[in-house]
Every structure is written in structure tokens, then in C-alpha cells.
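Worksheet: the structure to be examined is printed underneath.
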Amino acid sequence: MGFWSYVNGWVGARMRQDEEALEAHAQALLRGEQAEAARLQGQARPELASLMELAQELSLVLVPIRLSAEARERLRARIVPVRLSRRERLGNAVREHGKEAFVGAAVLGTAFSLGRVALHYYRKRHPQEGCTRSQAAA
Amino acid sequence: MGSGEELSDAEVIELAKRDPEAFGILYERFVDRIYSYIYYRVGNHHDAEDLTARTFQRALANLRNFECRGVPISAWFYRIAHNLVANWHRDRSRRKVISLDSLLALGVEGEPPAAVAEREAEKEALLRAIRKLPPERQQLLVLKFVEHMSNAEIGEVMGRSESAIKSLYHRTLLALRKELEDEGFGA
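Chains as they are written, first to last, in my numbering: chain A, 1 to 138; chain B, 1001 to 1187.
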């Protein structure tokens, strides 16, 4: 048990050390400090140095892309809304809130109908507690 | 509407909630970064452009629900882009589309054609290997090397701690090296 915890601790410490070394190397690359990156790579053991070399290749291949003015405008036209006239805005508002009003009316209407049906059956079962329309007419 | 350069991202968001036209300021600030991110994840300009447009459209549609809680606005855009790219990969998993057109066409003038071809083959292999990595590892590499984000910023985008990102970077490099070795390109 003691031996394995010692081994695990050693492996964990080594891994953290490697992570720190890789991070320092990556930061040097991102700052454009090639000499510092090369120095860190030179100091690292071969296994780690090969990962640093790979990171260097990544930093050369993964570069920011700048959109052309044409592509930028083409995209912008698809995304950014143009200023609408008052009439168009009013139309949009009616469409947007009209949908909500319709749903609200449908819910209320359904609730009202269900209530009427429930009241109808209630009165049918308890005629003494109220009178039906036909009784009232009689 | 002015250029809005003096406004912070959070202020622009609040402005855009009242006037969607102000969203154009956010578009100008983030479009290149989001496009780069998506391009490296999908590998062709046509789909990258389409997904970039959809990222901003979705952001605009959900603008009213967005609340700044100390997380950078860019993290929100990257999350939307990440989800759209994930859907794109899922939809297109049946066929592979890797066109490295213009990126690979960037040769150095005066370099012998054989050397250019070899370098491009290596570059292509590296990009192909990157796209074979799990999505979160691809995301990490793009945010780190393309966007030059710190581990803390990457952590905010990916919802992980800084030390977890450091560890993920190590594992990503190991996986990438193995992928390249399997393809016959020793790192």
C-alpha cells in the first residue's frame, strides 16, 4: 500500500511537472519568444521535447484567419438587422404579440368551455341546488 | 449608430437588447475570431461562413435572455459556435469533407516545389489529425493557438478549471502525437 501510494505520488508529481513545462513552452511560443521556447525544449527530456516540437508546429499551422471585406459584408448582411420603418416595426409587434394573444384566447376559451360543461353536469346531478334552464322556463 | 469602440462588451449587449442594430458592434468585434474558430473545426470556408452566420443569428435571437455574470461575452459566442459545430459534425458524420484549400495554398515564394509539397503534406496531416481529436481537445487547441487565450479564459469557455485545462493540453498533445505516428508522420 505504502509502495503504491509512493509510486502514484511520484507519477502525479512528474505529470504536473510536465504540464507546467509544456505550459511554459506554449506561453513562450504564443508570445513569439522562439529563443525561450527553443531553450525550454532543449532542457526537456526527449519524450517531453517531442511534445514541445509538436506544439511548435501547431503554433505555425493554427493561425488566426482574417475575413476579407467582401466576406465580412456578406455575413453582416445575413446577420445584423437593418433599421425598420415604424410601419414594419408595428407589423412585427402585431405578429409577435398577436401570436401570444391568440394562444391566450385559446386557453381562456378552452377553460370557459370546460367550466360550462362541468357546471352543466353538476346541475344535472344536483337539481335541487339550482335550476336548469328548462326548469326555469317551466 | 457610432462605432461603439468606447463601449465595453457588456454595455453593447445591454444596448443591443433595446436596439438590435447595435448588435453590429459585437459582430465587428468577434466575427474574425468566431470564423477562425469554426474554420479550424470544420475545415472548409463555405461551411465556416455558414456556421459563423448561424452563430451570430442565434446569439441575436437569444440576446434578451443573455445575462453577464462575470463571464466574457466571447465565451458565450464560442459556446454557441461549439454547439453548432458539434451538430454540423453529427449531421455530416456519414461523409468526410476536408478541404484545406486556401490555407494550404500559402506557400513561401522561391521555395522548391518539392519542399512546398512536403511541407503542405505535413500541414495537412497535422490538421487532419487535429480534426480526429475529440471535440473538446480540438476546441482547446484552437482557443490556445488561434485565439491566444490564457488557460483561465479557456476554462471559462469550456466550463473547466485552469489546472484541468493544463492537464487537458498535455493529454491532447500526447493524443495528437499518437495520431500522427499512426499516420506515419513522426512528431
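The C-beta atom is built at its ideal place from N, Cα and C for all residues, glycine as well. This structure is a prediction, so every number in the text was calculated from the model and none was measured.
Cβ neighbours of residue i in the same chain (closer than 6 Å, five flanking residues each side left out)
i, result
"V1142 of chain B", "Y1037 and Y1040"
"G1107 of chain B", "Bear in mind that the predicted position of G1107 of chain B carries a pLDDT of just 46, short of 50, making it unreliable; the figure below should be weighed with that in mind. So the qualifying residues of the chain are V1116."
"S1163 of chain B", "none"
"N8 of chain A", "none"
Proximal residues to residue i (C-beta, below 8 Å), its chain only, five neighbours per side dropped
i, result
"E1136 of chain B", "M1158 and L1168"
"D1182 of chain B", "none"
"K1166 of chain B", "N1151"
"E1195 of chain B", "Shown here, chain B extends from 1001 to 1187; a query on residue 1195 of chain B therefore has no answer."
"E1011 of chain B", "none"
"A1086 of chain B", "P1135"
Inter-residue CB distance, residue i and residue j (contact presumed, cutoff 8 Å)
i, j, result
"A21 of chain A", "L48 of chain A", "6 Å"
"Y1078 of chain B", "L67 of chain A", "The Cβ separation is near 17 Å, so there is no contact."
"R1033 of chain B", "E1153 of chain B", "Contact flag wrong, Cβ pair sits at about 12 Å."
"P1020 of chain B", "E1156 of chain B", "Not quite, the Cβ-Cβ distance comes to about 26 Å (not below 8 Å), so this is no contact."
"A1053 of chain B", "R78 of chain A", "4 Å"
"W1191 of chain B", "V1042 of chain B", "No information on residue 1191 of chain B is available, as it lies outside the stretch 1001 to 1187 that chain B covers here."
"E53 of chain A", "Q41 of chain A", "7 Å"
"E1216 of chain B", "A1129 of chain B", "Look at the range of chain B in this structure, 1001 to 1187, and you will see that residue 1216 of chain B is not part of it."
"L1084 of chain B", "L1051 of chain B", "5 Å"
"F1145 of chain B", "L62 of chain A", "4 Å"
Close Cβ partners of residue i (< 7 Å) along its chain, the five nearest in sequence each way excluded
i, result
"A1082 of chain B", "Per the sequence presented here, residue 1082 of chain B reads as His, with Ala not at that position. Taken in chain order, the residues that qualify are Q1139."
"D18 of chain A", "L48"
"L1104 of chain B", "With a pLDDT of only 49 at L1104 of chain B, under the threshold of 50, the placement of this residue in the model should not be trusted; the figure read from the coordinates follows. For L1104 of chain B, where only same-chain residues beyond five positions count, the Cβ hits under 7 Å are E1120, K1123 and E1124."
"S1161 of chain B", "G1155"
"A37 of chain A", "H25, A28, L29 and Q56"
"D1047 of chain B", "W1088"
"M15 of chain A", "none"
"R1254 of chain B", "In the structure as shown, chain B begins at 1001 and stops at 1187. Residue 1254 of chain B is therefore absent and cannot be evaluated."
Burial state of residue i, where buried means 16 or more other Cβ atoms lie within 10 Å
i, result
"H25 of chain A", "buried"
"N1151 of chain B", "buried"
"W1076 of chain B", "buried"
"Q56 of chain A", "buried"
"V11 of chain A", "exposed"
"V117 of chain A", "exposed"
"T1055 of chain B", "buried"
"A1022 of chain B", "buried"
"S1102 of chain B", "Note that S1102 of chain B has pLDDT 47, beneath the 50 cutoff, so the model's placement of it is unreliable and the number below is only indicative. Its Cβ having fewer than 16 others within 10 Å, S1102 of chain B is exposed."
"K124 of chain A", "exposed"
"V94 of chain A", "exposed"
"S1008 of chain B", "exposed"
"A28 of chain A", "buried"
"S1074 of chain B", "buried"
"A13 of chain A", "exposed"
"H120 of chain A", "exposed"
"A69 of chain A", "exposed"
"L1126 of chain B", "buried"
"H1170 of chain B", "buried"
"M1149 of chain B", "buried"
"L51 of chain A", "buried"
"L75 of chain A", "buried"
"A105 of chain A", "exposed"
"I1013 of chain B", "buried"
Taking 8 Å as the cut-off, does the region 1024–1035 of chain B touch the region 1044–1064 of chain B (at least 3 CB pairs, one atom from each stretch)? yes
Kindly confirm or deny that the region 1119–1129 of chain B and the region 1063–1083 of chain B touch, where touching means at least three C-beta pairs closer than 8 Å. no
When you compare the region 1124–1134 of chain B with the region 1175–1187 of chain B, are there three or more beta-carbon pairs, one atom per stretch, that lie closer than 8 Å? yes
Contiguous alpha helix (DSSP H) assignments of at least 4 residues, all confined to the region 15–39 of chain A: none
Would you list, in sequence order, the uninterrupted alpha helix (DSSP H) runs of no fewer than 4 residues that lie entirely inside the region 1037–1062 of chain B? Runs found: 1045–1061.
Taking only runs that begin and end inside the region 1109–1150 of chain B, name each unbroken alpha helix (DSSP H) of 4 or more residues, in chain order. 1113–1132 and 1135–1141
Going along the chain, which residues of the region 50–67 of chain A sit with their C-beta nearer than 9 Å to a C-beta in chain E? Protein chains A and B are contained in the structure displayed, whereas chain E is not.
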